[in-house]
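Following: one structure in structure tokens, then a few remarks.
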């Protein structure tokens, strides 16, 4: 165990659950310091009320308890900017866990500055990406902050030690929490991820224990209704603003897309990903609303975005996604990429009609006052400003460098 | 009309259909030259037999009629290398039409060299990408060849002129071909594309006339069976080699994936894309087997590919896809990217289990003797070579540059 | 010769020299239209006064003569943004000609809109990049404009035809202009380029005829003084603002750097480049001030730019440079890249000390209030916030994926 | 101090100098293990003979002393492949130190496998890049190896402790080595780097103490002769093979270029760079031969490389350079990039003529049997296969997307 550093006041990212309750107590014991709890509503679907009572019961002063509803900020300032980029990590993952971490870290640091805390603490384990995402963000925003990562520091060996510690300190242990959970869950308004134990064999399908658990985010495609659902998503400057003509705020909109997606079996993803810390891990991710949003955004871009802008975005996207995955939200290079992406979204305004059916999202139509789709140019028999003769020159000059090389090869008797 | 250049012998990409039959006659009349017909089986699903009879009837000499089965070469040398890259154009298009063009062009040039022809001719229109793909490939392989593009050259104005010309020259006009087709189709073993007229309003869904036509490639998700189909796809060094343990040659394997995908409503795609010649166009593409293959290849890579290799591939992919879309297969830069991609596939060997259900393809498991997934490292309580303490140093040095900037900003009293 | 289209009024990019004087007359004769002349001072070093007299003599109405000093706009809005990117085309070329074209085109279109002209005309040849740069910019800014490119249109065959035409129309022919020039020159405040004839053998050095001509931009290194010159260049937010502590406006600053560079033999470049139209060409470029500015900007970035920002900039730069080279200044993708680049320059403020000596530019020092260089961290024996122990974890996790692969290879008995 | 791990036999990268002599003794004392010394000649210019005697004197068994001349392998397998990429880190650094590390590490691991050692040890400090480069390579090649990094482990505080330890153990202390060196040096055949103390203020020029030290690699430009030197460098498939028509092996060729460059003041570079571990550092690097080689390779590529290949190379280069800088030579992504780069070099054969003068390298000519430079195409009045009329279509289709956007903006009354 690391020797505890001198800490006066620490801001703990606190859910009120067993693990962070143990951490709270452990901080008080180990560091002998004042603990400030910070509980955020990012749409994870848990009641936040009990967190206050539990913190009070653990001896946290009322003025040291912070409970914030960050749902709109989360979607407006983090989720939407990311979706402008059509970000997918390793071709498939919508970054649902990754994108929540910088906001939590940012608010934690704001609270630390407010209450004069010199340390922050999170409950992420020592093998995952979340520790990196939290801590890199902490350091970027408050470079001298002391970071406490209990899972890397304490001497507990496995679940039984933790439970014993909780018992010893009178921490409430909910039914079923005594055993190691068969899988761990992280959730926010964008998605739910499940990892661990029963999911660790990548050659076994996601068990019903996970895919059909009571609090799942989406149903399986097989359970979805036999009739498709049709919706229209409206966009303004790259962000979704309405469903079926009704305006929604950011969080409400994502919530409604979640409801529609979940009802139709959309957004379950079984994947193996490469962690920043170097190993591969397997997870089951549920992102119903985000999956719909991704397809809708691509579709509205397909008629409003210039080709050069789209191709540049596509080439920048994997790096942008990796930056978010790696916790690099508050870096100059992420901001540079965001500036480029945002500069492309001025005309990404219009409506996309979608069919949602048994896990699938199918584009049925797109329209925009800013559309670059030009029916006159494309119609097989119409003129409309396009002269077919131009194609010859276009082709010949595009091919010129290849002809020059071929002439050379002929001259040299080369065969490729 | 362009003044005809002096041409002695021309190799025509000839399907035997109405359009290329008109072109054949037009070539004979306009250029007064010997015409060599080349008909390729790329798995488009048409009988090739009649092409010979029609060519003979049109006065083509028997030794000038070439009919080749290129299906295995197509899949082995073009489709598979492209799938090693997980290529998607503009995020969604599997490049089914694009990838067939360089092979047709290459074979056409080989025949031209064989028979001593000085010209080649294709039936692509003057507004599309295919003219570019054909002609850039022609020039790259035979830089002095004369390229004849009838649709850019002749003086016919619309369908009635063509039909009149066909009548005048006794060219057989199949029932229903007198009118402008309500949409045009291109097909090969990888996919079928539909474009034009009834598809030209991007705000209208694909009509049943297209989506449910008799010779469609895939059914709609709604029509698919209520029971999922489970398959296992085997890979060796990046290429699919077996289904459910049974080995297949390249074309047979893709054919079998097409059959499975089509039966389950997989692979229909309604999109608006950016053409190389500068306008947007809308199409409906059916790629049942290719869609399955894309997911399977991603899944086997997810356990066998190093993170650095995967991320580099992901960043190179959009450019690689655009090169193929733009007809740049025979360019040095496509070959360079292929060399990089191929260098990553040595260990992409193993099996992927898939559930195919109502248009969706869901990974159920992946296994490989070359797997980099390491259960010991990931298990929450096991040690296995990973020391959680290392994470602290990893994070701190990754954050160091951001801390330095934050210290500077503090010193300067800057707020971002 | 192309059939002349109906044109009412054309804005001609007019230098007053022989070639554009012939074009002026040819426009009047061929198109029978009103000609508006536009003469810009971009620092090419020619007197603009005579242009007015010549235009009047050629029958251009006084209100149709535009003479603009664009030097500050050129440097502020085009040169400086480009230097923020450290742009080099093909590793060596500072894009001196390329960057002037969009400004000329933009102003030409502004004048066309002002005077109600329906056409624009430039004097660039049909083989070069400049025709593309001019015309792509015209079309981007005024999509229905008629573009007249005399060198691609008229029927003159070579120099004698042009001279005869000039004689016939009483156009003044300066001494020495009757013959084909042994090389052609383009100049602006950023650079001078020489191309053609005597430079066409890339295996022969630049002849003195070019390198030592009377109006050259820079001397040769051998001719430069034996004593170095020392200067300090000040930057604010990425742009140079002062020399040796004295503030300069954009054009004046570049002019002063030109003077210093030229006096010390800086900035001569003999290169072979790849044109956008497909062939290679050879040129001799002189960019004395720009060469100094490039080194100075790199140096101030070296202490003020974060690593992630710098590396991203370096990776984006070749594409950004190619866009400018290809005339794509007014494209969405160039603007996106500019947004990214500009977002990195907030703290690129400070001073760079340089030694200029016999063609070389050597950094002697850099300082900035925004410096990220941290002497305490780097000093071999000081602590200063860096814990050497962190390096172990950093290295181990960076190596983890490679170890996993190596363990696998060991297990399989593989040797790479 | 870290608790010593159990080690039986360790291979030490050993120069015979004071620092590695102390390390040798410290290893014997601390780990109580058998020490194997490995001394490599990479062209650093030191005599290797004394290393054997010193190792023997320190108690190393004769069979445990390895002294290898790796100069040709170094240039052939590391330097030349890197120069094929025109690699520059952060726009200026030729990666002279970085590129030597993977070879040393590889040979160290080979020896470890040969002698059955379970550990390796290097003398790099805990703040620099070299520790990363060594250790990442070790782990990639022998994942279970124990890595000993004395500078991160031992408890010596500064120079006096080290000297005292040396005295106590009878280690020879050369004159002037008792004090902290005013700067530290690393050298190999490609370059010499100087860092530390007297170089730590980035606003002060490199002092003569460094730039004019007795064993410097290159002289200053001011000291160089007043007459230029002219040489011709021959290339085959991307690698330099001759100077002035005389064939050289890899190491001999680089040595000769070093001689020529050094005599003319080429290759001194004062820079501030971003270290992988997160801070900026300042150095003075001398790379005379490499600087000449970089210019020569660019020049031969300028006539033999296709545009698409060159631009792709230029875009990949910064990442390739950063991989080498960061010690990632033995990674899949570096090998992928190398495969792409190498695939471009087949025709990079020919000769480049250079003028070397007072620190500058100036291309005077380039020729190649594989040249793609086509004088006929470029000559202003010649036809040669290029039809100027083609440019119109080329431009129009390249501009089409921009016109479509402009038409839309007109329709909407938008101003950008």
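Chains as they are written, first to last, in this note's numbering: chain A, 1 to 416; chain B, 417 to 832; chain C, 833 to 1248; chain D, 1249 to 1664.
Cβ atoms here follow ideal geometry from the backbone N, Cα and C, with glycine treated the same way.
Return the residue from the list 520(B), 777(B) and 828(B) that minimises the CA-CA distance to residue 681(B). 777(B)
Complete beta strand (DSSP E) runs within the region 1267-1293 of chain D (minimum length 3 residues, chain order): 1282-1289
Could you run through the region 577-589 of chain B and flag, in chain order, every residue whose CB is less than 9 Å away from some CB of chain D? none
Hey, does residue 413(A) have any beta-carbon neighbour from chain B nearer than 9 Å? Judged by the 9 Å Cβ criterion, residue 413(A) is not in contact with chain B.
Partner residues on chain B for residue 1236(C), Cβ-Cβ distance less than 8 Å: 788, 790 and 793
Within chain C, the residues that residue 813(B) reaches when beta carbons sit closer than 7 Å: Result: 1222, 1223 and 1226.
Between residue 913(C) and residue 1339(D), what straight-line distance do the alpha-carbon atoms span, to the nearest angstrom? 18 Å
Skipping 5 residues on each side, what residues in its chain have a beta carbon closer than 7 Å to that of residue 1142(C)? 1133
If we cut at 9 Å on Cβ distances, does residue 82(A) have a partner in chain C? Taking a beta-carbon distance threshold of 9 Å, residue 82(A) does not count as an interface residue toward chain C.
Using a Cβ-Cβ cut-off of less than 8 Å, give me the residues of the region 1488-1518 of chain D that come near chain A, in sequence order. none
Consult DSSP for residue 804(B) and reduce its assignment to one of helix, strand or coil. coil
Does the beta-carbon distance from residue 289(A) to residue 258(A) come in below 9 Å? Judged by beta-carbon spacing, residue 258(A) lies within the 9 Å limit of residue 289(A), meaning their Cβ atoms are closer than that value.
May I ask you to report which of helix, strand or coil DSSP gives residue 988(C)? coil
Let me make sure I understand the geometry here. Which of 377(A), 325(A), 262(A) and 139(A) has the alpha-carbon closest to that of residue 99(A)? Closest by alpha carbon: 325(A).
Counting only C-beta atoms, is residue 1163(C) closer than 9 Å to chain D at any point? yes
Which two residues bound the contiguous beta strand (DSSP E) that contains residue 74(A)? If you look at residue 74(A), you'll find it isn't in any beta strand (DSSP E); it sits in the alpha helix (DSSP H) that goes 71-74.
Counting C-beta neighbours from all protein chains within 10 Å, is the total for residue 1200(C) 16 or more, i.e. buried, or is it exposed? buried
Residue of 1442(D), 1448(D) and 1529(D) minimising C-alpha distance to residue 1459(D): The closest CA to that of residue 1459(D), considering only 1442(D), 1448(D) and 1529(D), is found on 1442(D).
At a threshold of 8 Å, does residue 1576(D) count as lining the ligand SAH (C-beta to nearest heavy atom)? Annotation note on the ligand SAH: not contained in the displayed structure, which lists no ligands.
Kindly indicate the opening and closing residues of the alpha helix (DSSP H) around residue 77(A). It is not in any alpha helix (DSSP H) - residue 77(A) carries neither H nor E in the DSSP assignment.
Strand pairing of residue 1106(C), partner residues [DSSP]: 1112(C)
Where residue 86(A) meets chain B, residues with beta-carbon distance less than 7 Å: 507
Residue ranges of each beta strand (DSSP E) run of no fewer than 3 residues wholly in the region 1389-1443 of chain D, ordered along the chain? 1394-1396, 1432-1435 and 1440-1443
Kindly indicate which three-state DSSP category residue 469(B) falls into: helix, strand or coil? helix
With 16 other Cβ atoms within 10 Å as the buried cut-off, status of residue 108(A): buried
Jot down the residue ranges of each uninterrupted beta strand (DSSP E) in the region 1021-1074 of chain C, minimum 3 residues, whole runs only, in chain order. 1024-1027 and 1061-1068
Hey, how far is the Cα of residue 1212(C) from the Cα of residue 737(B)? Model confidence at residue 1212(C) stands at a pLDDT of 48, short of 50, so the residue's coordinates are unreliable; what they give is reported in the following sentence. Spanning the two alpha carbons is a distance of roughly 49 Å.
When the Cβ atoms of the region 849-856 of chain C are set against those of the region 998-1005 of chain C, are three or more pairs found closer than 8 Å? They touch, by the three-pair rule.
Note down, in chain order, each residue of its chain lying with its Cβ closer than 6 Å to the Cβ of residue 769(B), except the 5 sequence neighbours on either side. 648, 780 and 781
Segment contact, 8 Å Cβ cut-off, at least three pairs: the region 1066-1081 of chain C with the region 1484-1497 of chain D: no
Does the region 936-955 of chain C come within contact of the region 974-981 of chain C, defined as at least 3 CB pairs closer than 8 Å? yes
The alpha helix (DSSP H) that contains residue 427(B), what's its start and end? Premise fails: residue 427(B) lies in the beta strand (DSSP E), 425-429, not in any alpha helix (DSSP H).
Helix, strand or coil: which one does DSSP assign to residue 395(A)? helix
What does residue 366(A) pair with, by DSSP beta-bridge criteria? 352(A)
Looking at C-alpha atoms only, which residue of 520(B), 457(B), 495(B) and 509(B) is the closest neighbour of residue 427(B)? 520(B)
Mind checking the region 223-237 of chain A against chain D and listing, in chain order, the residues whose C-beta falls within less than 9 Å of any C-beta there? none
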